[in-house]
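Numbering (the numbering used here), first residue to last: 7 to 429.
No residue lacks a Cβ here, since even glycine has one placed at the ideal position from N, Cα and C.
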Amino acid sequence: EEEEEEEEEERPSAKTINVVRDPNTPRRMATHLSWHPDSNRAVAVAYCSLDFQDGRKDMSFDSYIWDLEKPYTPELTLKPSSPVVTLEYNSKDWHHMLGGCYNGQIVYWDTRKGGLPMEMTPVEFSHRDPVYGACWLPSRTGTECFSGSTDGQVLWWDIRKMSQPSERLVLDITRQDQLQQALGAISLDFAPILPTKFLVGTEQGIIISCNRDAKTPPEKIANIFRSHIGAVYRVTRNPFFPKVFLSVGDWTARIWTEELMDSSSIMETKYHTSYLLDVCWSPVKPAVFFTARSDGTLDIWDFLFHQKEPSLSLKVSNDPLLSLCSQDNGRIIACGTRQGTVSLLEISPGLCTLRKNEKTLTSAMFEREARREKVLQDKYRERLLREQERLRAQPEEQEDPQEVFKQARADFLSSIKAERRRR
Numbered sequence: 007e008e009e010e011e012e013e014e015e016e017r018p019s020a021k022t023i024n025v026v027r028d029p030n031t032p033r034r035m036a037t038h039l040s041w042h043p044d045s046n047r048a049v050a051v052a053y054c055s056l057d058f059q060d061g062r063k064d065m066s067f068d069s070y071i072w073d074l075e076k077p078y079t080p081e082l083t084l085k086p087s088s089p090v091v092t093l094e095y096n097s098k099d100w101h102h103m104l105g106g107c108y109n110g111q112i113v114y115w116d117t118r119k120g121g122l123p124m125e126m127t128p129v130e131f132s133h134r135d136p137v138y139g140a141c142w143l144p145s146r147t148g149t150e151c152f153s154g155s156t157d158g159q160v161l162w163w164d165i166r167k168m169s170q171p172s173e174r175l176v177l178d179i180t181r182q183d184q185l186q187q188a189l190g191a192i193s194l195d196f197a198p199i200l201p202t203k204f205l206v207g208t209e210q211g212i213i214i215s216c217n218r219d220a221k222t223p224p225e226k227i228a229n230i231f232r233s234h235i236g237a238v239y240r241v242t243r244n245p246f247f248p249k250v251f252l253s254v255g256d257w258t259a260r261i262w263t264e265e266l267m268d269s270s271s272i273m274e275t276k277y278h279t280s281y282l283l284d285v286c287w288s289p290v291k292p293a294v295f296f297t298a299r300s301d302g303t304l305d306i307w308d309f310l311f312h313q314k315e316p317s318l319s320l321k322v323s324n325d326p327l328l329s330l331c332s333q334d335n336g337r338i339i340a341c342g343t344r345q346g347t348v349s350l351l352e353i354s355p356g357l358c359t360l361r362k363n364e365k366t367l368t369s370a371m372f373e374r375e376a377r378r379e380k381v382l383q384d385k386y387r388e389r390l391l392r393e394q395e396r397l398r399a400q401p402e403e404q405e406d407p408q409e410v411f412k413q414a415r416a417d418f419l420s421s422i423k424a425e426r427r428r429r
């Protein structure tokens, strides 16, 4: 039974309680964050430069696990053979950590045995591009995972045998299973409550909804959502309503529902003047989410109360915010920047306390907006159909080429005469 508390009357606020920085020079981007599943006592930070052909010398490959009670030195240094773009704790066995590398390899650590990887995938069977998404699967053994990359592939692995992937999906939305036509995956989302489904955000601005249980690879691409003008930097399901998901890209964050196929988003934020680079839902309030902007601002939205403006905007850094991750209790959110600084912010109780009837009201809001979008979609299709029928009903007029030539000649001569008279 969910815990519900009445919100005290107060203004939304947040304060910085801790800051950890990349201890290396040159500084690298904090590309991904993952909280320790046991009481959120530590946070793992993936550090990597995503700049194409970054030629700075002495660039470190290390990523770190930080103990929040001792933020001045890392608790553990992770030493991959290639910089890590994404890091994820295993919620079933939190000593295991999964990493996706810049060179396309998948690597895992047992933190009890130090910072050297336990095993990594062979280069020849790995991705060909950086791994932007890697997720653990809720299998019986707790050893299965999958990864996505801009090479257009999703690969499934078992850390007990990483010599080659157990399964492969090509993200070809034409459903021809052609790698040269595949879209590049730049974000992945997996919700344990829907164990056979996952979402892929692509470089081309399209979200792909996939079903692993489908019989053939083309059938695994269940649906596509044409979402953003640019890359979909993050896609994430609502923790309370799994069929509702949130995406971020270009200058907006958008809310979608899987119940409406081939439609536009049901809700969205305003267009910002700066790019939006990451987003995450509040784990305790169904209508609250956080967005990270390229001007260093963190926006906290509560769509149940305000949809045109964020409930709270905070200037966290002068550098772009690249990554966000909220603790399970929703009280603390970590924000990673382009310069490798991770700020930990404590959110005021009103933004992380579930109010009475909040879930019911949020569900009604999503259903109302979905109905509205469906009505608009149906009207658009009806108008399109009427226009097609009107065009088919009109008799085709066959133009005589000689008449067209005569008319063009007459128009030309009249323009010449008009020009002579003008002179």
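Handout entry: Residue environment, ARG427, which counts as buried when at least 16 other CB atoms sit within 10 Å
Key = exposed
Problem - Closest Cα partner of ILE339 within the set LEU320, LEU175, ASP178 and PRO407 - result: LEU320
Practice task
Report yes if the C-beta distance between ALA188 and GLY158 is below 7 Å; otherwise report no.
Solution key: yes
Exercise for the section: Quick one: using the 10 Å Cβ neighbour count with 16 as the cut-off for buried, is TRP100 buried or exposed? Expected result: exposed
Practice task
Keeping to the same chain, check which residues put their C-beta closer than 8 Å to that of ALA376; ignore five residues upstream and five downstream.
Solution key: THR263, GLU265, LEU266 and ILE272
Handout entry: Whole-angstrom C-beta distance between ARG299 and TYR281, which should lie under 8 Å
Key = 7 Å
Problem - Host beta strand (DSSP E) of ASP164 (start-end) - result: 159-164
Practice task
Might you give, ordered along the chain, the residues of its own chain that have their beta carbon closer than 7 Å to the beta carbon of PRO292, omitting 5 neighbours on each side?
Solution key: ASN244, PHE246, PHE247, GLU364, LYS365 and THR368
Problem - Candidates ALA220, ILE306, TYR114 and THR303: closest to ARG174 by CA position - result: ALA220
Problem - Length-filtered (3 minimum) beta strand (DSSP E) runs lying within the stretch 329-363 - result: 338-343 and 348-353
Problem - Stretch pair the stretch 23-33 + the stretch 336-351: three plus CB contacts closer than 8 Å - result: yes
Practice task
Find out if the Cβ-Cβ distance for the pair ALA52, VAL90 is shorter than 7 Å.
Solution key: Yes, these two residues count as a Cβ contact at 7 Å.
Exercise for the section: For the beta strand (DSSP E) containing ILE261, list its first residue and its last residue. Expected result: ILE261 -> beta strand (DSSP E) spans 258-263.
Exercise for the section: Output yes or no for whether 7 Å exceeds the beta carbon distance between LEU194 and GLY236. Expected result: Cβ distance not < 7 Å, so LEU194 and GLY236 don't count as in contact.
Problem - Three-state class that DSSP yields for THR368 in the structure shown - result: helix
Handout entry: Contact set for PHE311: own chain, Cβ-Cβ below 6 Å, skip 5 residues either direction
Key = none
Exercise for the section: Could you tell me whether any non-hydrogen atom of the ligand SAM is closer than 6 Å to the CB of ASN96? Expected result: Questions concerning the ligand SAM fall outside what the structure shown contains, since it holds no ligand whatsoever.
Exercise for the section: Determine, using beta carbons only, whether VAL241 and ILE213 come nearer to each other than 7 Å. Expected result: The Cβ atoms of VAL241 and ILE213 sit closer than 7 Å to each other.
Practice task
Locate the alpha helix (DSSP H) running through GLU173, then write down its first and last residues.
Solution key: Element bounds for GLU173: not the alpha helix (DSSP H) but the beta strand (DSSP E), 173-176.
Handout entry: Endpoints, the alpha helix (DSSP H) within which LYS423 is located
Key = 407-428
Exercise for the section: Give the secondary structure of ALA52 by DSSP, where H, G and I count as helix, E and B as strand, and everything else as coil. Expected result: strand
Practice task
Run the CB neighbour count on PRO80, radius 10 Å, all protein chains shown included, and call it buried at 16 or more, exposed below.
Solution key: buried
Handout entry: Whole-angstrom distance between PRO86 and CYS358, CA atom to CA atom
Key = 36 Å
Handout entry: Contact under 7 Å by Cβ, GLY302 with ASP325
Key = Judged by their CB atoms, GLY302 and ASP325 are nearer to each other than the 7 Å cut-off.
Exercise for the section: Please state if the CB of MET103 and the CB of ARG344 are separated by a distance shorter than 7 Å. Expected result: Going by beta carbons, ARG344 and MET103 fall outside the 7 Å limit.
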